[in-house]
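To start, the structure itself, in structure tokens.
Numbering (the numbering used here), first residue to last: 1093 to 1531.
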């Protein structure tokens, strides 16, 4: 029987991560840099596939969505108008003994969790990174690394409406980097100072915002289960009135049961018309929407599903890890959704025999035109199967000596270990079908 944990095993993931090339400590040869990570050859593919699955779901498969990619650096007045300069902060307390700093909302007492020393009174700490644009470092040239991608969408609202002629309700999606000078980052890639967001700003007519908030909550929850996260490891949490952001009148978090407890994967907020009003007032530009049916000008309300790419990757990864008996050993399997797996197909020649290699390379060349493919000819075929299982490869294609005569290969399924003999001529369409429907 498979050993499928109720929640992911972080120790197993951390071991797998560096050994197989998912995630490395950033700047490791220099001792690293606090809570910064580099995605390795497999990690970058897993991350890319998660982003592609999200984009396909929220943009390509809908007719009420478009995309954009705004710049990281923006006019600093954007952040004044949005309220980030004044409000984007966390309460921080410093230990009087070891001088370490902590978010007070993460603490259970007024004593330092590291040394037991007394914590000073909390003060607000703005989370935005500051830098300077141009050759002179003064307040006139100060800019910020964006703490979210949302504002790049709001300031382009009129540009998108005019260029696409979209009618309400419609949304704008964006994937991009954001930066927050977190006081206490941690838990691997869960909370970092540099991260990637998948955000949607969905513009609706005032009065319909409640139904659209509910619709997006259900859609986003269904996306995580569609791509393999077990429902028992997901839950919805509605924000209490005293924890709502300054721009929101309602918000839900989709939470995942991480090894350290329940934590946010994605937030879906009703931002009202706060942002467009703020930017219209601060810029002097008319950002109202003209409703051709009612002949009215008004500021749309906004529903914002905002998720973290890195958190989603970590959740899919943790949830997929599985173990089952394999003789005297244990077979580790990463049961990722077939479309998320970093490698979709592995081409495995039975040996490095000179007669076999040219055919194996030809099969590999065909596969890589259609799928993320890896060629592996090191060690026994059994060990190679186990390596591919551990990194989540759904399909292994074995090229053996019979292939030279019958022009067929053996396709092995990761989850069932079922093996089928398939003609090379049919290999691509068969795998494409199995990628959609499984065996």
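For glycine and all other residues, C-beta sits at the position ideal for the given N, C-alpha and C.
Whole-angstrom distance between residue j and residue i, CA atom to CA atom
| i | j | result |
| --- | --- | --- |
| residue 1327 | residue 1346 | 6 Å |
| residue 1526 | residue 1118 | 37 Å |
| residue 1325 | residue 1355 | 11 Å |
| residue 1443 | residue 1147 | 40 Å |
| residue 1120 | residue 1474 | 33 Å |
| residue 1095 | residue 1222 | In this prediction, residue 1095 has a pLDDT of 45, which is less than 50 and means its spatial position is unreliable; what the coordinates show is noted afterwards. So the alpha carbons of these two residues sit roughly 47 Å apart. |
| residue 1456 | residue 1493 | 16 Å |
| residue 1445 | residue 1501 | 16 Å |
| residue 1254 | residue 1237 | 28 Å |
| residue 1213 | residue 1185 | 6 Å |
| residue 1138 | residue 1373 | 42 Å |
| residue 1531 | residue 1480 | 18 Å |
| residue 1093 | residue 1174 | Below a pLDDT of 50, predicted positions are generally treated as unreliable, and residue 1093, at 37, falls in that range; the measurement from the model is reported next regardless. Distance between the alpha carbons of residue 1093 and residue 1174: 53 Å. |
| residue 1335 | residue 1452 | 59 Å |
| residue 1288 | residue 1497 | 50 Å |
| residue 1302 | residue 1362 | 8 Å |
| residue 1272 | residue 1338 | 18 Å |
Residue environment, residue i, which counts as buried when at least 16 other CB atoms sit within 10 Å
| i | result |
| --- | --- |
| residue 1111 | exposed |
| residue 1513 | exposed |
| residue 1215 | exposed |
| residue 1535 | Given that the chain is displayed from residue 1093 to residue 1531, the structure contains no residue 1535 and the question cannot be resolved. |
| residue 1230 | exposed |
| residue 1318 | exposed |
| residue 1107 | exposed |
| residue 1506 | buried |
| residue 1421 | exposed |
| residue 1366 | buried |
| residue 1165 | exposed |
| residue 1466 | buried |
Beta carbon of residue i nearer than 7 Å to that of residue j
| i | j | result |
| --- | --- | --- |
| residue 1149 | residue 1308 | no |
| residue 1170 | residue 1295 | no |
| residue 1151 | residue 1265 | yes |
| residue 1380 | residue 1389 | yes |
| residue 1468 | residue 1424 | no |
| residue 1256 | residue 1158 | yes |
| residue 1249 | residue 1234 | no |
| residue 1177 | residue 1371 | no |
| residue 1462 | residue 1520 | yes |
| residue 1472 | residue 1284 | no |
| residue 1483 | residue 1125 | no |
| residue 1116 | residue 1101 | no |
| residue 1427 | residue 1414 | yes |
Reference residue i, options the options, closest by Cα
| i | options | result |
| --- | --- | --- |
| residue 1429 | 1368, 1359, 1486 | 1486 |
| residue 1219 | 1202, 1243, 1212, 1277 | 1277 |
| residue 1320 | 1411, 1513, 1441 | 1411 |
| residue 1353 | 1282, 1131, 1245 | 1282 |
| residue 1344 | 1513, 1384, 1398 | 1398 |
| residue 1435 | 1113, 1101, 1378 | 1113 |
| residue 1405 | 1304, 1422, 1136 | 1136 |
| residue 1416 | 1122, 1478, 1302, 1144 | 1478 |
| residue 1156 | 1134, 1400, 1260 | 1260 |
| residue 1357 | 1400, 1197, 1122 | 1400 |
| residue 1312 | 1332, 1290, 1364 | 1290 |
| residue 1274 | 1322, 1195, 1506 | 1195 |
| residue 1206 | 1187, 1458, 1409 | 1187 |
| residue 1431 | 1383, 1142, 1339, 1109 | 1142 |
Inset, instruction - Pick out the complete alpha helix (DSSP H) segments inside the segment 1271-1311, 4 residues or longer, and give them in chain order. - result: none
Legend entry - Contiguous alpha helix (DSSP H) assignments of at least 4 residues, all confined to the segment 1398-1485: 1401-1412, 1449-1460, 1473-1483
Inset, instruction - Identify every run of the beta strand (DSSP E) within the segment 1156-1237, keeping only runs that are complete inside it and at least 3 residues long; order them along the chain. - result: 1157-1159, 1181-1186, 1193-1195, 1215-1218, 1221-1224, 1234-1237
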